[in-house]
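Colleague: Just so we're aligned, residue -13 is where the sequence shown starts under my numbering, counting upward by one. No residue lacks a Cβ here, since even glycine has one placed at the ideal position from N, Cα and C.
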Amino acid sequence: MLRRDIFRAGLAGAASFFGLRQASAATGEERLKVAYHLSDAGKVNFVLGNIKNHYEGTGGNVEIVLVVHGPALAAFKTKSASGATSSRFAGLVQQGLVPQACGNTMRGMDIALADLLAGFQVADKGGVVKLAELQRQGYVYLRP
-13 MLRRDIFRAG LAGAASFFGL RQASAATGEE RLKVAYHLSD AGKVNFVLGN IKNHYEGTGG
47 NVEIVLVVHG PALAAFKTKS ASGATSSRFA GLVQQGLVPQ ACGNTMRGMD IALADLLAGF
107 QVADKGGVVK LAELQRQGYV YLRP
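#1: Please state whether the Cβ-Cβ distance between Arg17 and Val51 is less than 7 Å.
#2: Which two residues bound the contiguous beta strand (DSSP E) that contains Ile50?
#3: Measuring alpha carbon to alpha carbon, tell me which of Phe106, Ala104, Thr91 and Gly105 ends up nearest Val114.
#4: Is Ala67 helix, strand or coil by DSSP?
#5: Can you tell me which residues form a DSSP beta bridge with His40?
#6: Roughly how many angstroms separate the alpha carbons of Lys65 and Ser25, rounded to a whole number?
#7: Output the boundary residues of the beta strand (DSSP E) element that contains Lys111.
#8: Starting from Pro85, follow its DSSP beta bridges and name the residues at the other end.
#9: So within the region 92 to 129, which uninterrupted beta strand (DSSP E) runs reach at least 3 residues, ignoring any that extend past its ends?
#10: Go ahead and label Val126 buried or exposed: buried means 16 or more other beta carbons lie within 10 angstroms of its beta carbon, across all protein chains shown.
#11: Please report the Cβ distance between Ala67 and Ala61, rounded to the nearest whole angstrom; I am assuming they are in contact, meaning their Cβ atoms lie under 8 Å.
#12: Would you mind sorting Lys116 into buried or exposed? The rule is 16 or more other CB atoms within 10 Å of its CB.
The following block contains the structure:
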């Protein structure tokens, strides 16, 4: 094959690839599913910022589950959460964030669901089990 034939074939392939991408976007691609893992209390605001950026970067076309266990869970207690954390968290829940609290951590730290910010659900089998289940369901795993 001549170089120009190879070049033309490459252009044709690229054009059809981009055409297919546009067609799939127009028909509504499946939403990305992401599971965020948070256990480090020092990363709470960082992770909430990442989730905010994730919603903004995808135009909201993403399903996000936040699985919280260990020391990080204390940052979401209603009585001790900072105003900034509470406000940011509530906004993310309104955007569709599904926060899951590790049942093992809750029992170990004597935290009831009513003690946590509104929106939390309990991962009864534990946070790490929940993360494995989400991955099996096709969620992308992120641990910032």
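Modeller: Taking the definition as stated:
#1: no
#2: Val48 to Val54
#3: Thr91
#4: coil
#5: Its beta-bridge partners do not exist; DSSP assigns none.
#6: 19 Å
#7: First-last for Lys111: undefined, no H or E at that position.
#8: Leu52
#9: 107 to 109 and 126 to 128
#10: It is exposed - the Cβ of Val126 has fewer than 16 other Cβ atoms within 10 Å.
#11: 6 Å
#12: buried
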